[in-house]
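A.B. asks:
In our numbering, the protein residues as written are 1158 to 1381.
1. Quick check on this structure: which residue in 1189, 1206, 1273 and 1232 has the alpha carbon closest to the alpha carbon of residue 1195?
2. Residues in the same chain with beta-carbon distance under 8 Å from residue 1306, minus the five sequence neighbours each way, listed in chain order, please.
3. Can residue 1347 and residue 1377 be called in contact, C-beta distance under 7 Å?
4. Could you have a look at residue 1358 and say whether DSSP puts it in helix, strand or coil?
5. Roughly how many angstroms separate the alpha carbons of residue 1269 and residue 1204, rounded to a whole number?
6. Tell me whether residue 1323 sits in a helix, a strand or coil according to DSSP, three-state version.
7. By the 10 Å Cβ neighbour count, where 16 or more other Cβ atoms means buried, how is residue 1177 classified, buried or exposed?
8. Can you tell me whether DSSP reads residue 1206 as helix, strand or coil?
9. Output the distance between the C-alpha atoms of residue 1272 and residue 1349, rounded to the nearest integer angstrom.
10. If I'm right that residue 1345 touches residue 1375 with Cβ under 8 Å, what's the distance once you round it to whole angstroms?
11. With a 10 Å radius around its C-beta and 16 neighbouring C-beta atoms as the bar for buried, classify residue 1267 as buried or exposed.
12. In angstroms, rounded to a whole number, what distance separates the CA positions of residue 1311 and residue 1182?
13. Ordered along the chain, which non-local residues of its own chain (more than five positions away) have a Cβ less than 6 Å from that of residue 1332?
14. Assign residue 1373 to one of two classes, buried (16 or more other C-beta atoms within 10 Å of its C-beta) or exposed (fewer than that).
15. Residue 1351: which of 1328, 1318, 1264 and 1279 sits nearest, CA to CA?
16. List the endpoints of the continuous beta strand (DSSP E) containing residue 1245.
17. Which residues does DSSP list as the beta-bridge partners of residue 1346?
18. Label residue 1427 either buried or exposed according to how many other C-beta atoms from any shown protein chain fall within 10 Å of its C-beta, with 16 as the threshold for buried.
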């Protein structure tokens, strides 16, 4: 009789084969060069392997963890985000159609992670039709030198026009406020820093990052 681990491993193999088949089909349609690699390992080791490989690429794309399914795969996306050393584009389960980030929102709090995300997203921001800087509780969290206004000036030097929306929200309402604004503004993508705890607990995301991964409705480019 197959063990739970063996059954989960078999399901993971099936999901991997299906995902690779879709990827190969779309890559051929787009007429782009590509390569495929399947990693068979324990979840933690697999996440480390993918995270290490991601350091050699400009962008890593992962699927939003599915909290409705008790799967080892759920930990993989978040671990890749922590280990990639670069931008990770997280695609929500409900997302359909082609990814065209014409309207982009920057979740700005003046932090190192947010600044890293903006730098990583620069190629996409440069090609966007509209860029909205979303500042929440700025007086409480953002250093004066890294204010939203100064970010807008910095973006302007790269000829990226931005508009600013300032929000005030309680801690528990930050993530819902961001997603509500994304819907109201018709945003195609969010850019935001990803936050972990200390090295001992860095696998546990805190606050807004964890909530966003659980309930996201638009693709998000995150950098840790």
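For each residue, glycine too, the CB sits at the ideal point set by N, CA and C.
Values in this document were obtained by computation on a predicted structure and should not be read as measured data.
C.D. replies: On the basis of the supplied data:
1. The residue you call residue 1195 lines up with position 38 of the chain shown. Ranking the options by Cα distance to residue 1195, first place goes to 1206.
2. The sequence position of residue 1306 within the chain shown is 149, counting from 1. By the criterion of a C-beta distance shorter than 8 Å, residue 1306 is surrounded in its chain by 1321, once the five residues flanking it on both sides are discounted.
3. Along the chain shown, one-based indexing puts residue 1347 at 190. Along the chain shown, one-based indexing puts residue 1377 at 220. With respect to residue 1377, residue 1347 sits close: the two C-beta atoms are nearer than 7 Å.
4. Locating residue 1358 in the chain shown gives position 201, counting from the first residue. Caution applies to residue 1358, whose pLDDT of 38 falls short of 50 and renders its modelled position unreliable; the value that the coordinates give is listed next. Assigned with DSSP and collapsed to three states, residue 1358 falls in helix.
5. If you number the chain shown from 1, residue 1269 lands on position 112. If you number the chain shown from 1, residue 1204 lands on position 47. The straight-line gap from Cα to Cα measures roughly 24 Å.
6. Here residue 1323 is taken as the residue at index 166 of the chain shown, counted from 1. Here residue 1323 sits in strand by DSSP.
7. Your numbering for residue 1177 matches position 20 in the chain shown. Exposed: under 16 other Cβ atoms inside 10 Å.
8. To locate residue 1206, count along the chain shown from 1; it is residue 49. Secondary structure of residue 1206 (DSSP, three-state): helix.
9. The residue given as residue 1272 occupies position 115 in the chain shown. The residue given as residue 1349 occupies position 192 in the chain shown. Rounded to whole angstroms, residue 1272 to residue 1349 spans 8 Å at the Cα level.
10. Stepping through the chain shown from its first residue, residue 1345 is reached at position 188. Stepping through the chain shown from its first residue, residue 1375 is reached at position 218. Cβ-Cβ separation between residue 1345 and residue 1375: approximately 7 Å, consistent with a contact (criterion under 8 Å).
11. In the chain shown, the residue the question calls residue 1267 occupies position 110. With 16 or more neighbouring CB atoms inside 10 Å of its own CB, residue 1267 falls in the buried class.
12. For the purposes of this step, residue 1311 is taken as residue 154 along the chain shown, with counting starting at 1. For the purposes of this step, residue 1182 is taken as residue 25 along the chain shown, with counting starting at 1. Between residue 1311 and residue 1182, the C-alpha separation is close to 40 Å.
13. Stepping through the chain shown from its first residue, residue 1332 is reached at position 175. Answer for residue 1332: 1365, 1368 and 1369, listed in chain order.
14. By one-based count along the chain shown, residue 1373 stands at place 216. When all chains shown are included, residue 1373 counts as buried.
15. Working through the chain shown from its first residue, we reach residue 1351 at position 194. Looking at the Cα atoms, 1264 is the closest of the given residues.
16. Residue numbering aside, residue 1245 sits at position 88 when the chain shown is read from its first letter. Where residue 1245 is concerned, the enclosing beta strand (DSSP E) stretches over 1245–1248.
17. The residue labelled residue 1346 in the question sits at position 189 within the chain shown. By DSSP's assignment, residue 1346 forms a beta bridge with 1261.
18. The first residue shown for the chain is 1158 and the last is 1381, placing residue 1427 beyond what the model contains.
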